[in-house]
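Residue numbers (this note's numbering), protein chains in the order written: chain E, 1 to 455; chain B, 456 to 910. Each residue gets a CB set at the ideal place from its N, CA and C atoms; glycine is no exception. Notes follow once the structure below has been shown.
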């Protein structure tokens with residue numbers, strides 16, 4: 001059955017107040033799909049559906065709802081319901097949810113949380129945004145060093161139900177320091193009386209609470225991990241990060257790069273949910289900066305007023321300015337995109353600058369050469385330019401391509417070295433810089449050639 | 456100990472031929488790090504290190520080596536070694552590896568593989584690139600419907616060692632159809648004599664062998680899955696895809712979008728390993744297309760020759776062309792980036808076109824208004840333009856911004872609707888289109904204003 005049909009039936013059950021049937025129907029769905037269904041409901045129906053949900057899955061469904069629907073729901077339910085909802089949620093989901101709420105609602109939620117959970121939540125809310133600490137959950141399974149396989153299995157059977165994952169077990173010493181990890185698989189396939197210390201992995205890979213989420217994602221991906229333990233400065237285990245959260249981080253970091261590379265202030269809001277004012281605010285700063293820089297481009301042109309307006313070839317030269325600028329910008333953005341992406345994936349570092357630059361220069365020679373021949377023919381045949389004019393345009397284009405390719409590789413790597421985000425050195429900024437450089441090259445060549453030809 | 460020190464010690468052990476010590480030292484490392492260490496070795500040392508590796512981890516280490524080092528190694532080792540290496544590898548790793556090798560080496564490898572494994576590999580090599588089938592592994596654990604928890608645990612203990620993951624168990628009926636999934640966690644926490652059919656999840660989410668890997672990644676991320684079952688057209692279970700492979704797919708798809716959005720032919724090669732010829736070949740097609748389109752931009756300018764060269768204000772108008780073009784291109788690329796990214800993340804669909812367009816028009820009014828005021832002042836103060844000229848430039852900019860924002864939202868969504876990749880409608884193409892439109896607007900406004908003023 002497809003989604004639309006299912007949604008229709010659920011709505012019919014909801015509208016005809018068949019609550020038991022609705023509960024039964026919802027129980028056939030995945031939590032994610034239930035949350036998706038609830039997305040379109042108004043306050044009253046949302047509340048009704050949520051109360052119809054079986055108790056054991058309502059916290060899970062809640063975690064998948066949109067921030068707006070979460071807030072609507074929290075504002076509609078009573079204090080007791082809030083209390084049991086928060087108690088049933090995994091800590092990382094609860095913290096994520098609270099971070100999205102307005103302050104007054106947070107206060108009401110925290111007032112209705114047990115003291116123990118409240119202290120934990122407050123502690124988590126203090127981790128900086130995008131740090132490993134803010135991503136982690138504390139619902140992992142830890143085992144004391146020295147247990148046997150049989151004892152470990154008993155611990156798991158007793159405490160495993162409340163843990164987000166039990167597939168990687170963390171072995172700690174008396175000081176709570178992380179000394180090993182043990183895949184559940186190894187445990188299950190081992191003899192009952194073996195000591196876990198003898199079968200555990202003694203070199204666990206971990207991150208620190210204050211490490212950036214980008215580092216976490218890179219490490220998980222590099223080592224193909226399912227979960228990543230998080231330790232404090234004394235190497236004491238404080239939490240774990242699961243693969244599903246890491247995937248979200250990867251997409252988030254990619255979105256941020258896409259936005260920076262298009263001269264946008266990064267935003268975590270969904271596009272359709274962002275107001276035009278906010279969108280305008282995210283876009284204006286860079287547009288204003290680049291429009292200011294463009295003053296210089298204008299000055300360069302004004303500087304060569306005589307060349308452009310007085311001479312007969314002036315109009316052909318003017319007509320070629322857009323092509324020269326666009327090609328330069330496109331060449332620069334091709335190179336910078338590859339280099340920025342290479343840096344993000346850990347494939348290129350500052351020490352490769354020489355190698356990358358030499359590669360870009362060779363690419364520039366090939367691409368620039370072909371484009372120059374193409375353009376020479378084009379200006380000659382289409383614009384009826386004289387041979388000197390064709391030569392001016394083609395040679396300026398050739399130099400611009402090589403320069404654009406080189407800048408596209410130098411700027412992101414230098415930015416990275418200086419501690420800036422290489423993604424800022426993408427298309428828009430490079431285009432503006434290449435514009436100025438290419439016009440200067442263009443007019444210098446033009447003046448020289450024309451002087452040589454006595455024009 | 457940091458990586459450089461460890462690497463140095465390993466090299467010392469390798470160079471002084473202390474093979475047992477080297478083996479011991481390597482055993483302290485993660486497979487990924489061993490592969491990283493082997494990356495820098497020449498053929499002879501690579502072979503030596505590989506042979507020193509404990510037998511049970513050599514296939515894992517091999518899977519993490521670069522394609523170049525894998526090929527070097529395969530060419531150096533004997534037939535028997537190839538045989539045992541392939542037998543020890545997980546099927547998906549073996550298939551990935553064979554896809555990277557030249558045909559003659561593939562032949563030698565397949566000749567040294569058992570018939571059963573060879574048939575499986577051949578079957579996998581036939582799945583189209585980037586399909587779910589090409590990503591999956593067959594080392595999963597399936598359970599026949601009707602078993603009890605105790606019987607299931609026995610099956611796992613007996614066969615779990617060779618499986619890539621045992622944390623999600625797949626329940627099949629007599630026709631091998633996938634009828635449920637069971638997290639190992641649920642199994643462990645259940646009573647011994649319960650039937651697995653009573654505790655399994657009966658609505659398993661799955662993909663088909665020919666589904667695109669992008670769909671797989673989206674579904675895994677949406678439902679927070681650790682593994683994704685792959686079924687054939689009759690819903691028979693044929694394989695699973697694990698979260699680590701999904702993360703690689705996510706990064707791969709993102710890289711492809713970055714490349715397309717910078718007018719590059721996508722390539723799966725690492726930047727530093729791609730030859731300048733190949734890079735030039737990936738970049739030229741779009742550059743040539745856009746340089747051809749730029750012919751029309753040139754024609755528009757030539758068309759207004761009189762306006763630009765004869766009148767006194769011509770040079771100011773010419774000087775403002777780059778700023779107008781750049782701002783238009785930047786505005787278009789900001790909008791298109793957000794919309795393309797929104798489509799990729801499943802947040803925006805074609806049916807949202809009206810909503811998105813209305814949003815972009817409002818953003819355009821705000822951003823265009825502010826930029827127009829800024830530009831009016833700038834042309835008046837810096838370029839000493841007359842009031843009519845300032846008005847021409849500012850109003851053309853205002854219209855260009857709104858047009859660019861609208862196109863940045865219409866083009867990607869329309870491309871998606873027509874079955875093209877929205878990422879192609881990014882900055883370079885939009886810039887070229889906006890260039891032509893903005894120049895036409897610019898000159899039309901200029902001619903009108905000047906005629907009105909009798910200039």
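Open item on the list: Any beta carbon from chain E within less than 8 Å of residue 885/B's own beta carbon?
Closed with: So no, residue 885/B is outside the interface.
Task: Boundaries (first-last residue) of the beta strand (DSSP E) holding residue 693/B - done: 692 to 697
Open item on the list: On the DSSP letters alone, give me the boundaries of the beta strand (DSSP E) that residue 479/E sits inside.
Closed with: In this structure chain E extends from 1 to 455, so residue 479/E is not present and cannot be described.
- [ ] Please determine, among 36/E, 30/E, 31/E, the residue with the shortest C-alpha to C-alpha distance to residue 11/E.
- [x] 36/E
Task: Under the three-state DSSP convention, the category residue 469/B falls into - done: helix
Open item on the list: residue 313/E and residue 386/E - do their beta-carbons sit closer together than 8 Å?
Closed with: yes
TODO: Give the straight-line distance between the Cα atoms of residue 431/E and residue 331/E, rounded to the nearest whole angstrom.
DONE: Each residue's alpha carbon lies about 9 Å from the other.
Task: Per-residue burial, residue 562/B [other beta carbons within 10 Å of its own, 16 or more giving buried] - done: exposed
Task: Closest by C-alpha distance to residue 585/B, when choosing among 860/B, 774/B, 700/B, 756/B - done: Ranking the options by Cα distance to residue 585/B, first place goes to 700/B.
- [ ] For residue 177/E, name the three-state secondary structure that DSSP assigns.
- [x] strand
TODO: Give a yes or no on whether the C-beta atoms belonging to residue 851/B and residue 298/E are separated by under 8 Å.
DONE: no
- [ ] Please check if any C-beta of chain B sits within less than 8 Å of the C-beta of residue 464/E.
- [x] The first residue shown for chain E is 1 and the last is 455, placing residue 464/E beyond what the model contains.
Open item on the list: Please return the same chain residues whose Cβ sits closer than 8 Å to the Cβ of residue 762/B, not counting the five positions on each side in sequence.
Closed with: 769, 772, 898, 901, 902, 905
Task: residue 228/E, enclosing beta strand (DSSP E) - first and last residue - done: 227 to 231
Task: Element boundaries [beta strand (DSSP E), containing residue 142/E] - done: 142 to 144
- [ ] Quick one: grab the DSSP three-state call for residue 638/B.
- [x] strand
Open item on the list: Please return the same chain residues whose Cβ sits closer than 7 Å to the Cβ of residue 265/E, not counting the five positions on each side in sequence.
Closed with: 282, 285
TODO: Could you confirm whether any beta carbon from chain B is found closer than 8 Å to the beta carbon of residue 3/E?
DONE: no
Task: Distance CB(residue 45/E)-CB(residue 132/E) smaller than 8 Å - done: No, the Cβ-Cβ distance between residue 45/E and residue 132/E is not below 8 Å.
TODO: Check each residue of the region 311 to 332 of chain E: if its Cβ is closer than 8 Å to any Cβ of chain B, include it; give the result in chain order.
DONE: 314, 315, 316, 318, 319, 320, 321, 322, 323, 325, 326, 327, 329, 330, 331
Task: Enclosing alpha helix (DSSP H) for residue 773/B [first to last residue] - done: It spans 769 to 799 - the alpha helix (DSSP H) in which residue 773/B sits, taken as one unbroken run.
Task: Proximity to residue 349/E [Cα-Cα], best of 109/E, 412/E, 388/E, 393/E - done: Here the closest residue by C-alpha is 412/E.
Task: Within 8 Å of chain E by C-beta, residues of the region 464 to 487 of chain B in sequence order - done: 483, 484, 485, 487
Open item on the list: Give me the subset of the region 167 to 189 of chain E whose CB atoms are less than 8 Å from a CB atom of chain B, sorted by chain position.
Closed with: 167, 184, 185, 188, 189
Task: Outcome for residue 97/E when other beta-carbon atoms lying within 10 angstroms are tallied against a minimum of 16 - done: buried
Task: residue 405/E and residue 369/E closer than 8 Å at C-beta - done: Their beta carbons are not under 8 Å apart, which means residue 405/E does not touch residue 369/E by this criterion.
Task: Contact check, residue 660/B vs residue 674/B, beta carbons under 8 Å - done: yes
TODO: Measure the C-alpha to C-alpha separation of residue 168/E and residue 66/E and round it to an integer number of angstroms.
DONE: Cα to Cα, residue 168/E sits roughly 30 Å from residue 66/E.
- [ ] Would you tell me roughly how many angstroms separate the C-alpha atoms of residue 327/E and residue 400/E, rounded to the nearest one?
- [x] 8 Å
Open item on the list: Using only CA atoms, which one of 83/E, 41/E, 88/E lies nearest to residue 72/E?
Closed with: It is 41/E.
- [ ] Report the three-state DSSP secondary structure of residue 382/E (helix, strand or coil).
- [x] Judged by DSSP in its simplified three-state form, residue 382/E adopts coil rather than helix or strand.
Open item on the list: Which residues in chain B have a C-beta closer than 7 Å to the C-beta of residue 276/E? List them in chain order.
Closed with: 814, 817, 818, 821
Task: Environment of residue 242/E [buried if 16+ CB atoms lie within 10 Å] - done: buried
- [ ] Look at the alpha carbon of residue 172/E and the alpha carbon of residue 481/B, and state the distance between them as a whole number of angstroms.
- [x] 24 Å
Open item on the list: Less than 7 Å between C-beta atoms, sequence neighbours within five positions excluded: which residues of the same chain meet that for residue 462/E?
Closed with: Because chain E is modelled from 1 through 455, residue 462/E falls outside the range shown and cannot be assessed.
Open item on the list: Let me see if you follow: with CB-CB separation under 8 Å, is residue 809/B close to chain E or not?
Closed with: No - not a single Cβ of chain E is within 8 Å of the one on residue 809/B.
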